[in-house]
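Shown next, in structure tokens, is the structure this report addresses.
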Amino acid sequence: MSPRPPDIAEAREQLRQTLADAKAERDRIFAEADRLREAAEAKYWKTVGTELDGAYHGARTDAVDVLGVTRDYILKQTKKYS
3 MSPRPPDIAE AREQLRQTLA DAKAERDRIF AEADRLREAA EAKYWKTVGT ELDGAYHGAR
63 TDAVDVLGVT RDYILKQTKK YS
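So for the sequence shown, our numbering puts the first residue at 3; every next one is plus one.
Structure (structure tokens):
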């Protein structure tokens, strides 16, 4: 085991500060990523909803094939984000 530095209090405080800064930066990046993801989801489902509103007969079935989700899921998401 390596010997402890003579100024352990200063080293401990520096470690705590460095780790707290790293955690704060990670949390900030995660929050930004979550915000961007939610904005992308909203834009996506608004586009899907706009395209399907008043579309031709069978458009929802075609959308299921393209999007790879159920009609019910499309309905729920377009209602959620409209």
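For every residue, glycine included, the Cβ atom is placed at its ideal position computed from N, Cα and C.
Just so you know, these numbers come straight off a predicted model, no measurement behind them.
Item to complete: Measure the Cβ-Cβ separation of Y75 and A44 and say whether it is below 8 Å.
Response: Your numbering for residue 75 matches position 73 in the sequence shown. Your numbering for residue 44 matches position 42 in the sequence shown. No; because the gap between Cβ atoms is not below 8 Å, this pair is not in contact.
Worksheet entry | Cα-Cα separation, A35 to D29 | Sequence index remark: in the sequence shown, residue 35 carries index 33 (1-based). Sequence index remark: in the sequence shown, residue 29 carries index 27 (1-based). So the alpha carbons of these two residues sit roughly 10 Å apart.
Discussion item. Measuring straight from C-alpha to C-alpha, what distance separates D116 and E15?
Written reply: What is shown of the chain runs 3 to 84, which leaves residue 116 out entirely.
Discussion item. Along the chain, where does the alpha helix (DSSP H) containing G51 start, and where does it finish?
Written reply: The sequence position of residue 51 within the sequence shown is 49, counting from 1. Where G51 is concerned, the enclosing alpha helix (DSSP H) stretches over 10-54.
Worksheet entry | Three or more C-beta pairs below 8 Å linking the segment 66-80 and the segment 44-56 | yes
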